[in-house]
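See structure below.
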Amino acid sequence: MMTCRDLAEKLGAWKAGELPLQARALLSLHAAWCPCCRALMATYDTTLTLSAELADQRVPDEVAAAFDTMIDRAMDG
Ligand SMILES: [Zn+2]
């Protein structure tokens with residue numbers, strides 16, 4: 600079962616095209632019904648675009664931090 604944590608951990612590899620088809624399908628399925636992960640992916644794309652202007656590097660730390668904040672807020676209700 601795909602969880603939000605799984606998606607967050609695999610998002611970098613997914614966007615980099617490093618995941619097999621089955622894993623991509625599971626992530627897509629999860630993102631289709633999970634607003635939290637859709638927000639995460641939007642944040643990831645924005646962060647990636649911004650950082651690409653500075654350097655050609657991945658930004659998993661920023662994405663993970665943003666995701667943890669979202670999860671904490673969701674759990675606090
Ligand atoms: Zn999710």
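Going by our numbering, the first residue of the sequence shown is number 600, and it counts up by one from there.
Just so it is clear, CB atoms sit at the ideal spot from N, CA and C, and this is done for glycine as well.
As the structure is a prediction and not an experimental result, all values here were calculated from the model.
Shortest gap from the CB of Leu626 to any heavy atom of ligand 1: 7 Å or more.
Each of Cys603, Leu606, His629, Cys633, Cys635, Cys636 has a C-beta closer than 6 Å to some heavy atom of ligand 1; these make up the full list, in chain order.
Under the three-state reduction of DSSP output, Met669 falls in the helix class.
Between Ala607 and Ala663, the C-beta spacing is below 8 Å.
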